[in-house]
Every structure is written in C-alpha cells, then in structure tokens.
Amino acid sequence: MSPEHRTTSQQEPMARVGLKGIRRLAAIATAVTVAVGTPAVAVAAGVTTQSGTTYVSDPHCDHDKPPKGAGGGDGGECDSQHPKPTVTVTRTATATQTVTATATTTATATVTATATACGTGVDSTQPNGNEQFIAALVNGLPFAGRRPNINTTPDNPNVVSGPANTAGWTNLSTIAGFPTNSPVCDVSVDGNGSNAFFKIITQGGSAYTLHCAANGGALVCPAPAQGNNPQSQWTAVSPQPTP
535 MSPEHRTTSQ
545 QEPMARVGLK
555 GIRRLAAIAT
565 AVTVAVGTPA
575 VAVAAGVTTQ
585 SGTTYVSDPH
595 CDHDKPPKGA
605 GGGDGGECDS
615 QHPKPTVTVT
625 RTATATQTVT
635 ATATTTATAT
645 VTATATACGT
655 GVDSTQPNGN
665 EQFIAALVNG
675 LPFAGRRPNI
685 NTTPDNPNVV
695 SGPANTAGWT
705 NLSTIAGFPT
715 NSPVCDVSVD
725 GNGSNAFFKI
735 ITQGGSAYTL
745 HCAANGGALV
755 CPAPAQGNNP
765 QSQWTAVSPQ
775 PTP
C-alpha cells in the first residue's frame, strides 16, 4: 500500500458525510394515529423499523465520480483496493396504544301528583209531582237546589233554594260539620215527605249525611231547629264503609 493513500475507518465520526448519504438519513420513523370504530376510543399505531445506509468519505476519492476506466472519469484514487466504507443506521419507532372510554349515565325522575278535589257530579230526586231536588258537586263543593212546577212546566230550567225560593243554589260546604280533612268526591240526594237528605263521601272514604227541610213549597238546608231537635248539620254515618 502506498504511503500517500489513507482510508478512513468506520469508527471515525461522520462529519464529512456526502450529499447522498444525508438524503438517505432523511427517512425517519413516523407515527400514524388510527381512529377505531368504537366511539370515544382512539388508538395510536406505530410503523415498522426503517434503515438507511451511508458511507464515510475517503479524502483521496470522489465517490460521486465514476472510477478510472469507467467512461474515462477520474474517481481519484478509488479502486477495488479502496472500497467505499459503509455505515448502516437503523431507527426504530415504538408506538403505544391509547384507549379513552366515556361513560354515560341516565337519570330518571318520578313525579307523583296528589289530587286536592275529586271534581264534579250531579244527582236528583222527585219526591212529588210539584218539585225536584238536585245535588251538584263542583270542585269538591256540594250544592243543593230545587226545580219547582215540574208538573205544569216539565222543562222548567230554573233552580231555586232557601225558604224564599231565591234563584240559585245553597252552598252546603258552609254548614257545620262539613269535612275538611279530605276532599269530597261524590254527592247524592233523596226526598221523603217533608224531608230531603244529602249525602257526600270524601276521598278518604268517609260518608256524611245532611237533613234538609222540604215542605212541598221550599227546600231549606240545613233543616231548622224544631222542638227538641236542633238545627241539622253534617253528620258522619256510623259505622263508616270499610273495604
């Protein structure tokens, strides 16, 4: 070997890497994020290992030129005794899978409504040929009325009440003994001779009765005091109906 020639070893630093070698080293590992079909789940996927090869430049050789005898070029002192020293660079990318889960909670609320009154209702009775007694329930409040002269005028629509047969109804909820601890849900009436009886039942299942005076010419509620009998009022029946 001629003393004028020196070959750089593979262990020397690659400070003088050729242009082609630099381009080869540009291939680096990349990461690809892949969307998975499951909602709210993302997975990061890696790529395979990639390699590149370069060489350490010989100061006596221009490796970018063809060697002697190959097309007449001058490749410096490069020949079979001075092969291109090579260095192999390997870069590996490692990917880690990432999973994100989302939980959904559904809350259900139940609302219970409590009735304060049972609504409306109506009942009637005809104790004789001259009059008809009517009981009506409006928003939990019972009313009493009388329809006179039904013999001569069967379709008479006029309702009266009280000793003077005043037009309109008597509000039975204003009479003593009327239940206030539970809404009234139904009302009824029946007549017998000079007496009329109104009945109500509450939402709680308690039944009450009220005596009214009916002398054939008027309906008076409550029945007035007479002899040893005091003025009537609402009275709970006994025993009460039970399931």
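Residue 535 is where the sequence shown starts when you use the working numbering, and the numbers rise one by one after that.
Every residue, glycine too, gets a C-beta built ideally from N, C-alpha and C.
- Counting along the chain, the unbroken beta strand (DSSP E) around SER658 starts and ends at 655-662.
- Of the residues PRO775, ALA747, PRO764, GLN765, the one whose Cα lies closest to the Cα of PRO661 is ALA747.
- In its chain, beyond the 5 residues on either side, LEU675 have a beta carbon closer than 6 Å to the beta carbon of SER707.
- Under DSSP, ASP720 takes part in a beta bridge, and its partners are ILE735.
- If you draw a 10 Å sphere on the C-beta of PRO756, you find 16 or more other C-beta atoms in it, and that means buried.
- Taking every protein chain shown into account, the CB of GLN666 has 16 or more other CB atoms within 10 angstroms, so this residue is buried.
- For ASN699, the CB contacts under 6 Å within the same chain, skipping 5 residues up- and downstream, are ALA752 in chain order.
- Rounded to the nearest whole angstrom, the CA to CA distance from SER716 to GLN737 is 6 Å.
- If you look at PRO676, you'll find it in the beta strand (DSSP E) that goes 675-682.
- A residue is called buried once 16 or more other Cβ atoms fall within 10 Å of its Cβ, and THR714, having fewer, is exposed.
- Separation of the CB atoms of ALA669 and VAL754 is rounded to 15 Å, and the pair is thereby denied contact status at 8 Å.
- The criterion of a C-beta distance shorter than 8 Å is not satisfied by ALA759 and SER740.
- Going by C-alpha positions, THR704 is about 23 Å away from ASN685.
- By alpha-carbon distance to PHE731, the top candidate from CYS652, GLY653, ASP657 is ASP657.
- Membership of ALA748 in the beta strand (DSSP E) is indicated by the continuous run 741-748.
- A straight line joining the alpha-carbon of THR687 with that of VAL693 spans about 13 Å.
- Under the DSSP assignment, ILE709 falls outside any beta strand (DSSP E); it carries neither an H nor an E label.
- HIS745 and THR776 have their alpha carbons spaced roughly 23 Å apart.
- Looking at the DSSP output, GLN760 sits in a beta bridge with ASN763.
- By the neighbour-count criterion, in which a residue is buried when 16 or more other Cβ atoms sit within 10 angstroms of its Cβ, SER695 is buried.
- Taking the Cα positions, ALA710 is about 6 Å away from TRP768.
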